[in-house]
Amino acid sequence: MSALIATGGILFLTVLGVPLFIIMSLAALVAFSFSGVQISAVAQEFYRISSAPTLVTIPLFTLAGYLMAESRSPQRLLRLTEAGLGWMPGGISIVALVVCAFFTAFTGASGVTIIALGGLIYPILVKDGYSEKYALGAITASGSLGLLFPPSLPIILYGLVAKVDIDKLFKAAIVPGMVIMIILSLYSIYNSPKSSVKKTFVLKNFFAALKDAWLEAILPIGVLVGIYGGYVTVTEAAAFTAFYVFVIEVFIYRDLSLNKDVPRVIIESMSLVGGILLILCCALGFTNFLVDEEIPTKIFALMKIYLTDKYSFLFFLNIFLLIVGCLMDIFSAIIVVVPLIIPISAEFGIDPIHLAIIFLANLEIGYLTPPVGINLFITSFRFKKPITEIYRASFPFMILLIIALMIITYIPDLSMFWFK
Amino acid sequence: MGIVRKIDWAVDKLSSHLLVVSVLVILVFSTLSIVLRWFHINLQWIEPMVRHLVFVCAFLGGVLATGKGTHIGIDLVGKFVEAQNWHNLKTWIARLIMFSSFGVLLWLIKAGIDFTIIEREFTKDAGLGVLQSGDLVAIIPIGLSLIALRFFLLLILSFEGDKI
């Protein structure tokens, strides 16, 4: 009876909006107390996170992303991609997708992309003849588009929580990420305004833009070559990336001042990182308790009655994760849900790397799933539009992303061919 | 309320400054350790120091997120209440959130102190010179205390105006 009251109380506080790290701590404290374990075990679980060698990648990559977002880097990269891709049908919209994916990969889809780039991209799309509805939908969808590209923060967090090699996850996510980009690019081409002025590729303009932005444009390539060329580990890549971005934005481009801007950006980025790491610390105790109590095994036994094979499980998993994605943000979902679904998925014969990609692709869609997908609110806030208008605008993009998700889920080779 | 506001301001400033210094130290030393390795110089204390500084940053970032109200949560009721423009109810929900968060944090601080006492009894080398594992785990109760203090101060300040 008391367990039921405690569960009800925790659920009540959760929907009320109590910070998730408090909820997870409370759940762990209550669970440990009920099972007679000393509550100091909760603090011990906290401390365990400080021994993870890849932990430092989270603040460093996030700092790099925030430094770039706060500099004039979005303008430079936008100019470069426009000069390179703007001549194609739907080119401007594809430019928006590419630049947003670049920034989301570094900032972890925390809303920064929509805030930092939305204001730049929206007028360009509308001026080029795209409808307002399309522009709003594209920006909302683009806000989480780079989640599957290295050095995406959710991938790093997933690797930490699921104890899967982060560099393997980076590699596995590239092709599924490209599938999503291609599907959305085709939609951009289909929607390209017939009336817009035909642009031509001008080599001189492209080189001028490249000269301006090359220091930033080489960054994702540098990270990939560094890690997969065996030159640096993921942790070292994070340190180099953050240091490199710091030096170019402060001392070379001089977009950010060392005294005023850098401390402000550090504080902004670390508020996000602090929130994520606190949830990670607090959730470890509770999720380990659930695993110790063999809760996933019990859920699996129950599922086995209704789900007979891998494919029916994958279908159920997708629906479950889409619901999770529109209720929870991606970081909380990774920390809370992943430890529970990993053992169940393993029983159904799903590779942990493929599971990671399915999970992240689902959560990417969750960002724009009504009623509470966070990108919908950020776009509504940023452009001062009613939320229902944003629902309508992003609906076609959501459908396309679900099609991409089905492809990623049922063709595991897209993620796994690297490892065969 | 003036003194409460000043304490809240001081906690915010202290946390912000410590956070900026910690992040810059992490950045410089992480890069330095890689560069030094090229010259076959291995300073073994850098890695545990950086890891523990990241741990410190988690709490300091938490203090700032508390002040800004940007902690991650599943705010279903809050969003609904906001959409209905029920300002009074929203204010009381915010107070309830702060009060319950403060209460849970006190329980967590107790867990942190218990753990620190146990760890100090069986303290071991943490690779950071004079600092032993028993000293380093004190980051947990101290960090949690700062967050709890912030929730408490904000709760008091919430009674200053009509809205939060």
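Protein sequence lines, in the order shown, are assigned to chains A and B. Read the first sequence against our numbering and you will find it ends at 420, with the numbers running on by one and no gaps. Read the second sequence against our numbering and you will find it ends at 1164, with the numbers running on by one and no gaps. All residues carry an ideal CB built from backbone N, CA and C; glycine is no exception.
Could you check what DSSP says for residue i in three-state terms: helix, strand or coil?
i        : result
G1069(B) : coil
Q1132(B) : strand
D1075(B) : coil
D1114(B) : helix
D1125(B) : strand
S394(A)  : helix
M24(A)   : helix
D212(A)  : helix
R72(A)   : coil
S152(A)  : coil
I411(A)  : coil
A52(A)   : coil
H1017(B) : helix
A116(A)  : helix
E1160(B) : coil
G373(A)  : coil
F1059(B) : helix
M88(A)   : coil
G65(A)   : helix
L1043(B) : coil
Under 7 Å Cβ to Cβ from residue i, same chain only, skipping five residues before and after it: list those, please.
i        : result
H354(A)  : P412, S415, M416
A333(A)  : V324, G325, L363
G1129(B) : W1045
F34(A)   : A3
K1163(B) : With a pLDDT of only 45 at K1163(B), under the threshold of 50, the placement of this residue in the model should not be trusted, and no figure is reported.
V245(A)  : A64, L67, M68
L1105(B) : L1144, I1147, A1148, F1151
I1093(B) : V1077, G1078, V1081
L290(A)  : L340
Name the chain E residues that come within less than 8 Å of residue i, Cβ to Cβ?
i       : result
P263(A) : Annotation note: the requested chain E is absent from the structure, which comprises protein chains A and B.
Identify, in the order they occur along the chain, each residue of the same chain with its Cβ nearer than 6 Å to the Cβ of residue i, setting aside the five sequence neighbours on each side.
i        : result
K171(A)  : W418
R254(A)  : none
G90(A)   : S188, I189, S192
I358(A)  : T409
E249(A)  : L67, S71, D255, L256
I1156(B) : V1004
V99(A)   : L77, L78, T81
V336(A)  : A283
F286(A)  : M24, A27, A28
K1124(B) : S1133
F300(A)  : I344, E347
Ordered along the chain, which non-local residues of its own chain (more than five positions away) have a Cβ less than 8 Å from that of residue i?
i       : result
I227(A) : P150, D167, F170, T233, V234, A237
V175(A) : L414, S415, F417
Y311(A) : Y410
V202(A) : A83
L164(A) : The displayed chain sequence assigns Val, not Leu, to residue 164(A). Only Y158, P352, I353, A356 meet the Cβ criterion.
F397(A) : G137, A138, T140, A141, L184, Y187, L368
P154(A) : G108, A109, L147, I330, F331, I334, L360, L363
Short-range partners of chain B found in the segment 37 to 66 of chain A, where Cβ spacing is below 9 Å: The segment 37 to 66 of chain A vs chain B, Cβ under 9 Å: Q38, I39, S40, A41, V42, A43, Q44, F46, Y47, I49, S50, S51, A52, P53, L55, V56, I58, P59, L60, L63.
Does the segment 36 to 55 of chain A touch the segment 1036 to 1046 of chain B, meaning 3 or more C-beta pairs lie closer than 8 Å? Counting C-beta pairs with one atom in each stretch, the segment 1036 to 1046 of chain B and the segment 36 to 55 of chain A have fewer than three that are closer than 8 Å, which means they do not touch.
According to a CB-to-CB cut-off of less than 9 Å, which residues of the segment 1110 to 1124 of chain B neighbour chain A? Correct list: K1110, A1111, G1112, I1113, D1114, F1115, T1116, I1117, I1118, E1119.
Quick one: complete alpha helix (DSSP H) runs, 4+ long, within the segment 302 to 371 of chain A? You should have 310 to 327, 330 to 347, 352 to 366.
Members of the segment 318 to 339 of chain A near chain B, C-beta cut-off 9 Å: Correct list: L327, M328, D329, F331, S332.
Anything in the segment 1016 to 1043 of chain B with a Cβ closer than 7 Å to a Cβ of chain A? List those residues in chain order, please. Listed by position, the residues of the segment 1016 to 1043 of chain B near chain A (Cβ gap below 7 Å) are S1016, L1019, V1020, V1023, I1026, L1027, S1030, T1031, I1034.
Examine the Cβ distances between the segment 260 to 277 of chain A and the segment 1053 to 1073 of chain B and report whether three or more of them are shorter than 8 Å. Yes, the segment 260 to 277 of chain A touches the segment 1053 to 1073 of chain B.
Is it the case that the segment 1111 to 1119 of chain B contacts the segment 1021 to 1032 of chain B, given that we only count it when at least three CB pairs across the two stretches are under 8 Å? No contact exists between the segment 1021 to 1032 of chain B and the segment 1111 to 1119 of chain B.
What are the residues in the segment 5 to 22 of chain A lying within 8 Å of chain B by C-beta distance? Cβ contacts with chain B: L13, T14, V15, L16, G17, V18, P19, L20, F21, I22.
Residues of the segment 1142 to 1160 of chain B whose Cβ lies closer than 7 Å to any Cβ of chain A, in chain order: Going along the segment 1142 to 1160 of chain B in chain order, one finds no residue with a Cβ nearer than 7 Å to chain A.
Chain A contacts from the segment 1072 to 1104 of chain B (Cβ-Cβ distance under 7 Å): When CB distances to chain A are screened at a threshold of 7 Å, the residues of the segment 1072 to 1104 of chain B falling below it are I1072, G1073, I1074, D1075, L1076, V1077, G1078, K1079, I1093, L1096, I1097, S1100, S1101, V1104, in chain order.
Taking only runs that begin and end inside the segment 274 to 305 of chain A, name each unbroken beta strand (DSSP E) of 3 or more residues, in chain order. For the beta strand (DSSP E) assignment, the segment 274 to 305 of chain A encloses no uninterrupted run of at least 3 residues.
What residues in the segment 233 to 244 of chain A have a beta carbon less than 8 Å from any beta carbon of chain B? Of all residues in the segment 233 to 244 of chain A, only T235, E236, A238, A239, F240, A242, F243 place a beta-carbon less than 8 Å from a beta-carbon of chain B.
Mind listing, in chain order, the continuous alpha helix (DSSP H) runs of no fewer than 4 residues lying wholly within the segment 185 to 260 of chain A? Qualifying alpha helix (DSSP H) stretches, in chain order: 203 to 217, 219 to 228, 234 to 247.
Report the start-end ranges of each alpha helix (DSSP H) in the segment 121 to 153 of chain A that is 4 residues or longer and not cut off at the edges. The segment 121 to 153 of chain A contains these whole alpha helix (DSSP H) runs: 132 to 142.
Cβ contact (3+ pairs, closer than 8 Å) linking the segment 145 to 165 of chain A and the segment 96 to 116 of chain A: Result yes; three or more Cβ-Cβ pairs closer than 8 Å.
Please list the residues of the segment 1126 to 1139 of chain B that have a C-beta atom closer than 9 Å to any C-beta atom in chain A, keeping them in chain order. Answer in chain order: S1133, L1136, V1137, I1139.
For the segment 266 to 279 of chain A, list every residue whose C-beta sits within 8 Å of some C-beta in chain B, in sequence order. Going along the segment 266 to 279 of chain A in chain order, one finds I266, I267, M270, S271, L272, V273, G274, G275, I276, L277, L278, I279 with a Cβ nearer than 8 Å to chain B.
How do the segment 212 to 225 of chain A and the segment 125 to 133 of chain A stand: do at least 3 beta-carbon pairs fall below 8 Å, yes or no? In this structure the segment 212 to 225 of chain A does not lie against the segment 125 to 133 of chain A, because fewer than three pairs of beta carbons, one per stretch, are closer than 8 Å.
Return the residues of the segment 151 to 168 of chain A that lie within a Cβ-Cβ distance of less than 8 Å from chain B, sorted by chain order. Interface annotation for the segment 151 to 168 of chain A against chain B: empty, criterion Cβ-Cβ distance under 8 Å.
Does the count of Cβ pairs from the segment 1142 to 1151 of chain B and the segment 1065 to 1076 of chain B closer than 8 Å reach three? With the cut-off at 8 Å, the segment 1142 to 1151 of chain B and the segment 1065 to 1076 of chain B touch.
At least three beta-carbon pairs within less than 8 Å, the segment 387 to 404 of chain A to the segment 333 to 343 of chain A: The segment 387 to 404 of chain A vs the segment 333 to 343 of chain A: no contact.
Three CB pairs or more closer than 8 Å across the segment 55 to 62 of chain A and the segment 298 to 315 of chain A: No, the segment 55 to 62 of chain A is not in contact with the segment 298 to 315 of chain A.
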